[in-house]
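Numbering (the numbering used here), first residue to last: 8 to 260.
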């Protein structure tokens with residue numbers, strides 16, 4: 008019988024709460040998520056904060072950018088009100104705050120949205136938090152950043168992100184994906200849920216000792232297919248709902 012993969016809250020429980028906020032992370036864990044995935048960038052004064060976009064227009068109605076602002080400037084913004092009055096007053100979290108929130112036995116998938124300039128502060132934050140490498144996964148689309156992370160933080164696992172729409176009409180074959188993973192020394196693949204994922208491809212990943220994490224899956228049928236393939240984790244905007252749907256599948260079988 009297929010096993011249920013880890014259920015990872017994509018930007019927290021972002022269907023219900025404002026994405027990439029501590030409130031969203033807490034809700035994901037309350038809903039039974041095994042971990043959360045969140046996006047991180049470096050501020051102008053060298054602090055790591057959690058935000059998907061380069062700027063704050065979408066989630067805070069501000070023309071500030073992360074790279075061009077200090078942490079103090081960013082922390083004045085309301086990142087919850089756009090999701091509803093319930094969430095007014097949510098602030099941009101630091102990586103340190105996200106690590107402090109992480110419950111024992113849960114995981115944090117750190118998607119890095121900037122370049123290698125983040126690595127030294129990342130290493131410091133992880134050291135200060137005394138977090139187990141097993142609790143952390145680094146994710147990045149940048150092949151060179153995978154190499155740099157593996158060199159600087161070899162105890163931590165780094166997975167290469169691949170969404171098959173990247174930079175327009177790029178459609179890599181399974182062979183190209185496997186070759187890239189080997190070339191950059193990645194510990195696994197973090198993939199969009201696309202037709203490239205089939206049983207033979209998953210077997211090839213396993214034969215190489217590589218992990219497979221899939222995003223972003225909010226439909227039960229798609230998640231059931233991934234369970235059958237034996238993926239390591241499913242990232243979803245609705246972790247509580249999806250866990251319930253997969254639990255009912257197991258009960259029916």
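In this text, a Cβ means the ideal position worked out from N, Cα and C, and glycines have one as well. Just so we're clear, the structure is a prediction, and the values are computed from it rather than from any experiment.
Residue i versus residue j - alpha carbon distance
| i | j | result |
| --- | --- | --- |
| residue 123 | residue 139 | 22 Å |
| residue 206 | residue 232 | 10 Å |
| residue 195 | residue 236 | 15 Å |
| residue 238 | residue 203 | 13 Å |
| residue 8 | residue 148 | At residue 8 the pLDDT is 49, less than 50, meaning the model places this residue with poor confidence and gives no usable figure here. |
| residue 244 | residue 185 | 28 Å |
| residue 37 | residue 134 | 27 Å |
| residue 108 | residue 29 | 8 Å |
| residue 14 | residue 169 | 19 Å |
| residue 5 | residue 154 | Residue coverage of the chain in this structure runs from 8 to 260, which leaves residue 5 outside it and unanswerable. |
| residue 10 | residue 251 | 14 Å |
| residue 228 | residue 80 | 43 Å |
| residue 59 | residue 256 | 33 Å |
| residue 77 | residue 234 | 42 Å |
| residue 82 | residue 167 | 30 Å |
Reference residue i; option with closest CA among the options
| i | options | result |
| --- | --- | --- |
| residue 47 | 100, 153 and 166 | 100 |
| residue 146 | 235, 163, 94 and 211 | 163 |
| residue 249 | 40, 97, 191 and 64 | 40 |
| residue 63 | 38, 98, 142 and 92 | 98 |
| residue 165 | 13, 89 and 150 | 150 |
| residue 113 | 170, 234 and 32 | 32 |
| residue 87 | 26, 61, 121 and 213 | 26 |
| residue 213 | 188, 78 and 227 | 188 |
| residue 216 | 136, 180, 192 and 105 | 192 |
| residue 210 | 57, 246 and 182 | 182 |
| residue 198 | 227, 228, 240 and 190 | 240 |
| residue 218 | 141, 96 and 95 | 141 |
| residue 230 | 104, 179 and 253 | 253 |
Supposed close pair residue i, residue j - CB separation, criterion 8 Å
| i | j | result |
| --- | --- | --- |
| residue 130 | residue 160 | 6 Å |
| residue 53 | residue 128 | 6 Å |
| residue 152 | residue 119 | 6 Å |
Residue i at chain D interface by Cβ criterion, 8 Å
| i | result |
| --- | --- |
| residue 48 | Annotation note: the requested chain D is absent from the structure, which comprises a single protein chain. |
Contact set for residue i: own chain, Cβ-Cβ below 8 Å, skip 5 residues either direction
| i | result |
| --- | --- |
| residue 84 | 63, 67, 69, 71, 98 and 99 |
Proximal residues to residue i (C-beta, below 7 Å), its chain only, five neighbours per side dropped
| i | result |
| --- | --- |
| residue 23 | 34 |
| residue 17 | 44, 222, 223, 242, 243 and 244 |
| residue 208 | 181 |
| residue 132 | 55, 102, 103 and 106 |
Identity of the residues DSSP links to residue i by a beta bridge
| i | result |
| --- | --- |
| residue 167 | 147 and 196 |
| residue 16 | 43 and 243 |
| residue 57 | 47 |
| residue 248 | Partner(s): none; residue 248 has no beta bridge. |
Same chain, Cβ closer than 6 Å to residue i, five either side skipped, listed in chain order
| i | result |
| --- | --- |
| residue 121 | 48 and 49 |
| residue 225 | 243, 244 and 245 |
| residue 106 | 136 and 138 |
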